[in-house]
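Residue 333 in my numbering sits at position 1 of the sequence shown; the count goes up by one each step and never skips.
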Amino acid sequence: KYPMKNLKQNLVLIAGNVSFVDIKESTQKPGEYFGNMSIAYDDGYFDKNNNNQWVERVSFIDIKVTHRFLKQCKNTFNPGDQVDIEGKLVVDSWQQDGQNRKAMKVQAEKLVGHVTKQEIECLKAAGLLGGNPQS
Numbered sequence: 333k334y335p336m337k338n339l340k341q342n343l344v345l346i347a348g349n350v351s352f353v354d355i356k357e358s359t360q361k362p363g364e365y366f367g368n369m370s371i372a373y374d375d376g377y378f379d380k381n382n383n384n385q386w387v388e389r390v391s392f393i394d395i396k397v398t399h400r401f402l403k404q405c406k407n408t409f410n411p412g413d414q415v416d417i418e419g420k421l422v423v424d425s426w427q428q429d430g431q432n433r434k435a436m437k438v439q440a441e442k443l444v445g446h447v448t449k450q451e452i453e454c455l456k457a458a459g460l461l462g463g464n465p466q467s
């Protein structure tokens with residue numbers, strides 16, 4: 333007999349570089365912020381048919397951020413920052429040009445890690461970060 337698991341779990345872990353940030357103050361609740369950002373993540377691979385060369389394969393995922401998430405972060409996000417976010421899949425719906433639109437996004441729930449672009453540049457300058465994925 334196998335123990336039953338929650339088959340309805342909705343959990344996403346995403347890590348990558350912030351590529352776009354659009355955070356606004358709520359007009360209905362002044363002092364509360366919300367918005368969207370986009371994370372670029374590298375799903376690269378070694379191409380066995382091409383001398384085992386590393387192939388970059390970058391994709392982008394939209395992240396929905398709420399006031400609750402931003403409050404626990406205590407800092408801002410900028411393009412080039414590296415982030416590690418835990419969240420859940422959600423579907424956003426809106427109207428555009430009279431058409432109903434939908435898009436799947438990750439709703440950020442918890443910031444697991446955050447390294448600013450400036451910190452990354454310092455680590456690279458010190459020789460502590462960077463290099464080829466093959467090494």
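Note that beta-carbon positions come from the ideal geometry of N, C-alpha and C, so glycine has one too.
First and last residue of the uninterrupted alpha helix (DSSP H) at residue i
i	result
K449	K449 to A457
Beta carbon of residue i nearer than 9 angstroms to that of residue j
i	j	result
D379	M369	no
G475	N349	Not covered by the structure: residue 475. The range shown for the chain is 333 to 467.
V397	F366	yes
K442	F409	no
D394	A435	yes
Q428	I452	no
Rounded distance between the beta-carbons of residue j and residue i, thought under 8 angstroms
i	j	result
K406	D424	At roughly 26 angstroms, the Cβ-Cβ gap does not stay under 8 angstroms, so K406 and D424 are not in contact.
V390	A372	5 angstroms
Q404	V422	Not a contact, Cβ separation roughly 18 angstroms.
For residue i, the three-state DSSP class (helix, strand or coil)
i	result
L345	strand
N401	Note on residue identity: the sequence assigns Phe, not Asn, to residue 401. It is helical.
F352	strand
D424	strand
D416	strand
N368	strand
K396	strand
S467	Note on S467: pLDDT 42, under 50, position unreliable in the model; the coordinate value appears next. Here S467 sits in coil by DSSP.
L443	strand
R433	strand
Residue i: CB within 8 angstroms of a non-hydrogen atom of the ligand FMN
i	result
V344	The ligand FMN is not part of the structure shown, which contains no ligands of any sort.
Residue i: first and last residue of the uninterrupted beta strand (DSSP E) it sits in
i	result
D379	Y377 to D379
Q360	No beta strand (DSSP E) contains Q360, which DSSP labels as neither H nor E.
Chain D within 9 angstroms of residue i, Cβ atoms only
i	result
N432	No chain D is present in this structure, which holds just one protein chain.
How do the stretch 379 to 392 and the stretch 409 to 418 stand: do at least 3 beta-carbon pairs fall below 8 angstroms, yes or no? no
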